[in-house]
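Since the structure comes first, as structure tokens, the remarks are kept for the end.
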Amino acid sequence: MATASAMSNTTSSAGSQVVSELRTAFKSGKTRSLAWRMSQLDAMKRMLIDQQEQIIDAISADLGKPRFEAFTTEVGFLLSEIEHTQKHLAKWMKPTKVKSAVVVQPASSKIYKEPLGVTLVIGAWNYPLQLALGPAIGAISAGNCVVVKPSEVSPNTSAIIGGLLPQYLDSDCVRVVEGGIPETTDLLEQKWDYIFYTGNGTVGRIIMTAAAKHLTPVTLELGGKSPTIVDETADLKVTARRIIWGKFTNAGQTCVAPDYVLVHQRVHDELIAEFKNAISDFYGDNPKNSSDYGRIINERHWKRLVGLLDSGTITHGGEHDESEKFIEPTIMTEVDGDSAIMAEEIFGPILPVLKVASVDEAIDFVNERPKPLALYVFAKNKARAHQVIQHTSSGGGSINHVWMHLAVPGLPFGGVGESGMGAYHGHHSFDLFSHKKSILDKPTFVDPSVVYPPYGDFKKNVIKRLL
Ligand code: NAD
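Numbering of the sequence shown is given in our numbering, commencing with residue 78 and proceeding in unit increments.
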């Protein structure tokens, strides 16, 4: 349980004091060894295992998140990220040899993976544990000090992170600062060596502006409307089950949730029927009673989502209850491309389905809009699926599935254009928080005078040949 002193230590530090203390710790060199990095990852693993029940209680209190879902998408996700990192870390840390060019021979050339220094991770509320600690795994594995700023919109999870992390990890080098805009603004005034932000694009611009003052590099993990294209050759039953699962996990509050569906007009009605079957198979006839269905984070978002319910025809669902911040899994048809629900990322359990006459039309629709974080295409016809992947741009995506690409640590996860910059997970997190330092090592036993002036014709010819 969080102790009062642990909490006050982490919450009351002004940004400048935290940064200065961490800078001293970083300069001491203690974060650089493999042993320190492994010990911190071990500690985080222990924390997630020992305190699993109360962590899940906190996440469920914030989001009404089903307990099993809170385990798989937050605690379990982090445990596998730690395990993967620990398995490979020693290898990732080793300098990588590259071939030395003829012109520098004899020599050896290596890339050293150097920690950046004191880093800041700002998390978002929708996966409040995963998005605060996931990037921190990267920062620690790369040998950095890190401040974690969880989202204040999910206060129970923020408090549990603020209480537990100092009990388990090395507080000289890993801190939690809780709070909202004033605390984050204070943090952003400091000079960091890296800022990793997850959230919306409006705040993303604030982060980048603040970082620019200090020439601090940033990763921005943003959102957007992730399109889901269903071709007439798709296996409609499996397609529907996968889309419904991906959309209604966390009550649609997932950055990579299918935002809307573009379906070939010939299979529209059949897909809608399969959507209804899948919803009733997964959540029963009354999803409000399902222990596998979550709630909306707060009243503001609940009201925003309810306001979108008149953007088209509600073909399924639409029930909502403010006292529980509940919105039923909802399928909407007859949706106009210019309607309110198509203007912004939905981030809730409403799935608009729009008809298209061809894959080309779907591609044009996607390309007329900002680049999304993910794009999904369902088709048995492989050429058509690849046509979509090759002619659209998105942070990532899947063919015949939704956001399962996040479960592959070898695949970098991040956005492009409006959906963000920089990517992480697995060794990509290690790379993101490391500077790749290029070092040439040249012996002195030969030092041919041909490289030095004065350059006569002979020397010039030799050098030109070597280049
Ligand atoms: P949020 O409200 O939790 O904000 C994110 C962080 O920004 C918080 O820590 C908050 O304290 C901070 N913040 C808010 N206003 C600020 C300000 N004025 N100055 C400085 N910091 C400020 O989360 P949100 O923005 O509502 O998150 C939802 C968005 O995030 C969606 O667009 C979603 O798609 C996106 N998202 C992206 C990913 C990803 O991995 N790419 C993951 C989750 C969410």
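Built from N, CA and C at the ideal position, the CB exists for glycine as well.
Every value quoted in this text rests on a predicted model; they were computed, and no experiment measured them.
Close CB contacts of E151 within its chain, under the 7 Å cut and outside five residues either way in sequence, are with I136, Y204, L206 and Q207 (chain order). Short of 6 Å from the beta carbon of L428, and not among the five residues preceding or following it, lie these beta carbons of its own chain, in chain order: K324 and I408.
Distances from the CA of P259 to each of G92, P294 and W269 were compared; the closest alpha carbon is that of G92. Taking the Cβ atoms as the reference, V340 lies roughly 37 Å from V295, outside the contact range of under 8 Å.
A straight line joining the alpha-carbon of D263 with that of L99 spans about 16 Å. A Cβ-Cβ separation of about 7 Å places W269 in contact with H291 under the 8 Å criterion. Taking the Cβ atoms as the reference, Q117 lies roughly 7 Å from V251, within the contact range of under 8 Å. Between V454 and G472, the gap from beta carbon to beta carbon reaches 8 Å or more. With a cut-off of 7 Å, the C-beta of W269 is classified as distant from the ligand NAD, since no heavy atom of the ligand falls inside that distance. For H505, the CB contacts under 7 Å within the same chain, skipping 5 residues up- and downstream, are P489 in chain order.
Remark: fewer than three beta-carbon pairs, one from each stretch, lie closer than 8 Å, so the region 121-137 and the region 339-353 are not flagged as touching. Proximity of the region 387-405 to the region 229-248 falls short of the contact definition, fewer than three beta-carbon pairs being nearer than 8 Å. Residues of the same chain with a CB within less than 8 Å of the CB of H161, apart from the 5 flanking positions on each side, are P486 and G503 in chain order.
Cβ atoms of A219 and P192 come within 8 Å of each other, at about 5 Å. Taking 7 Å as the cut-off, one finds at least one heavy atom of the ligand NAD near enough to the beta carbon of E298. G384 is classed as exposed because its beta carbon has fewer than 16 other beta carbons within 10 Å across all chains shown.
For the pair V225 and L197, the Cα-to-Cα distance works out to about 6 Å. Using a cutoff of 7 Å, the CB of G503 does not count as near the ligand NAD, since none of the ligand's heavy atoms is closer than that. Pairwise C-beta distances place the region 511-527 out of contact with the region 230-241, as fewer than three of them are shorter than 8 Å. Distances from the CB of L385 to the heavy atoms of the ligand NAD are all 7 Å or more.
As for any alpha helix (DSSP H) of minimum length 4 sitting wholly inside the region 393-450, the runs are 436-444, ordered along the chain. Taking a cut-off of 8 Å on C-beta distances, the region 367-374 does not touch the region 464-484, as fewer than three cross pairs fall below it. When DSSP states are grouped into helix, strand and coil, H504 belongs to the helix group.
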